[in-house]
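Asks: Numbering-wise, the sequence shown is residues 307 to 511 according to the working numbering.
Where a beta carbon is used, it is the ideal one built from N, C-alpha and C, also for glycine.
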Amino acid sequence: MKSGGDSTTIDVVAHEGSGTSKGKGPILMAPVKEGKGGMKRGMAIIDLVLRSGAIVSALAAAATMGTSDQNLPFFTQFFQFEASYDDMPSFQFFLIAMSLVAGYLVLSIPFAIVSIVRPHASGPRLLLLILDVVALTLATSAAGAATSIVYLAHNGNASSNWLAICNQFGDFCRNVSGAVVASFVTVVTFMFLILLSALALRKHH
Numbered sequence: 307m308k309s310g311g312d313s314t315t316i317d318v319v320a321h322e323g324s325g326t327s328k329g330k331g332p333i334l335m336a337p338v339k340e341g342k343g344g345m346k347r348g349m350a351i352i353d354l355v356l357r358s359g360a361i362v363s364a365l366a367a368a369a370t371m372g373t374s375d376q377n378l379p380f381f382t383q384f385f386q387f388e389a390s391y392d393d394m395p396s397f398q399f400f401l402i403a404m405s406l407v408a409g410y411l412v413l414s415i416p417f418a419i420v421s422i423v424r425p426h427a428s429g430p431r432l433l434l435l436i437l438d439v440v441a442l443t444l445a446t447s448a449a450g451a452a453t454s455i456v457y458l459a460h461n462g463n464a465s466s467n468w469l470a471i472c473n474q475f476g477d478f479c480r481n482v483s484g485a486v487v488a489s490f491v492t493v494v495t496f497m498f499l500i501l502l503s504a505l506a507l508r509k510h511h
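In structure tokens form, the structure reads like this:
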């Protein structure tokens, strides 16, 4: 009976130990939660770095386009050859669109910082995701419109009597081409930003 009682006592203790380990389950999960928070904070830091790079590329695109202007050296007082971005509506739209995109990116920096400080908050991340999609659409349309004009400036179009002007206005074409390249850098950066936001929001569920 004594050994049987001891066995019963041992069984009860083992049972309670098992229950205790189950009770400590949520405590053991705390480091995992902290690890997820660290991952989200790391993604938010990458988002901030990419967003800062997109500001530089968008501003470079707008500034380069806005200063694209060239006069040919052979002109008189009454007649001259000039190429300027404001001669073409597509380039004007490009300048306005990229300026708006750059302004939005600057305003989005505080929300990106909030995402670093509070990595588990989904509100700022969701807002950035929606606005990034809108900005991506605007930047893509501006880059596409400007690209078509740059292509015509370099190659012309015999069917519609568009003459290639880059042989004469080399500096102008280099500037607008550089602006278009910078705008596509902005577009690609926005794609990564949207992907990061989507992954961060997915981690919340």
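#1: Using a Cβ-Cβ cut-off of 6 Å (strictly less than) and excluding sequence neighbours within five positions of residue 354, which residues of its own chain qualify?
#2: Under the DSSP definition of a beta bridge, which residues are partnered with residue 390?
#3: With a threshold of 16 other CB atoms inside 10 Å of the CB of residue 481, please say whether the residue is buried or exposed.
#4: From 359, 394, 401, 351, pick the residue whose C-alpha is nearest to that of residue 369; which is it?
#5: Can you tell me where the alpha helix (DSSP H) with residue 473 in it begins and where it stops?
#6: Could you tell me the distance, in whole angstroms, from the CA atom of residue 468 to the CA atom of residue 459?
#7: Between which residues of its own chain and residue 371 is the CB-CB distance below 8 Å, once the five residues before and five after are set aside?
#8: Start and end of the alpha helix (DSSP H) containing residue 425?
#9: So what does DSSP say about residue 461, is it helix, strand or coil?
#10: Is residue 466 helix, strand or coil when you go by DSSP?
#11: Looking only at its own chain, which residues have a Cβ that is under 8 Å from the Cβ of residue 504, when we skip the five neighbours before and after it?
#12: Evaluate the contact criterion for the region 468 to 477 versus the region 427 to 441: three or more CB pairs, one atom per stretch, below 8 Å.
#13: Under a Cβ-count criterion, where at least 16 other Cβ atoms within 10 Å of its own Cβ denotes burial, should residue 352 be classed as buried or exposed?
#14: Which same chain residues end up closer than 7 Å to residue 366 when comparing Cβ atoms and leaving out the 5 residues on each side of it in sequence?
Replies: This is what the structure gives:
#1: 418
#2: 375
#3: buried
#4: 401
#5: Residue 473 -> no alpha helix (DSSP H), and no H or E assigned at all.
#6: 8 Å
#7: 391, 397, 400, 401, 404, 452, 481, 482, 485
#8: Run containing residue 425: none; DSSP gives neither H nor E here.
#9: helix
#10: coil
#11: 435
#12: no
#13: exposed
#14: 488
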